[in-house]
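Visitor: Start counting the sequence shown at 168; every next residue gets the next number (our numbering).
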Amino acid sequence: MTAYQLLDELRDAGLRAPVQVYRALEALGKEERIHRIESLNAFVACRHLNHTETAAFAICDDCREIWEFSLPAEAGLTAVADAKGFKTRHTTVELHGRCADCAGRDGGYAKASLHSSPR
């Protein structure tokens, strides 16, 4: 859900200014209760509270369902970056494709491509 979608949902409760929503999202992010899906400029609730590994996301480009999973390999990614003199500030792993249900409808990835826009 994007910040503006959230604001639209909360207007009846009296929230009017986007800054209120962004502050709430920032606080929830600091508490690791939500994750920002950077490729969609959206947020999802954290499904693995108190996780010690990096969260990664599989995003279906057709139905837009998002699955969260742990990524134990993040330490390896950071080590490779460190070896090159690159200091990692933040790691985000987002896999885009089609879920089993969507892929099963036409037998694979025939209708979508790397450059297709999510619906």
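We put the beta carbon where it would ideally sit given N, CA and C, even for glycine.
Please read these numbers as outputs of a predicted model, since none were measured by experiment.
Look at S206 and E241 and say whether their C-beta atoms are less than 7 angstroms apart.
Guide: Going by C-beta atoms, S206 is not nearer than 7 angstroms to E241.
Visitor: If A223 and F236 are in contact, beta carbons under 8 angstroms, what's the gap, nearest whole angstrom?
Guide: Going by Cβ atoms, the distance from A223 to F236 rounds to 6 angstroms, so yes, they are a contact pair.
Visitor: By DSSP's criteria, G264 is part of a beta bridge. Which residues make up the other side?
Guide: DSSP output for G264 lists C227 as bridge partner(s).
Visitor: For the ligand ZN, any of its heavy atoms closer than 6 angstroms to the Cβ of Q172?
Guide: The ligand ZN is absent from the structure shown, which contains no ligand whatsoever.
Visitor: Let me confirm a value: V186 is counted as buried when at least 16 other C-beta atoms fall within 10 Å, else exposed. Which label applies?
Guide: Exposed, by the Cβ-count rule.
Visitor: So I226 packs on H263, CB below 8 angstroms; how close in whole Å?
Guide: Right, their Cβ atoms sit about 5 angstroms apart.
Visitor: What number of angstroms, rounded off, separates the C-alpha of R265 from the C-alpha of D228?
Guide: Using only the alpha carbons, I get a separation of about 6 angstroms.
Visitor: With a floor of 3 residues, list each beta strand (DSSP E) that falls wholly inside the segment 168-223, ordered by position along the chain.
Guide: If we require 3 residues or more, the beta strand (DSSP E) runs fully inside the segment 168-223 come out as 201-204, 209-212.
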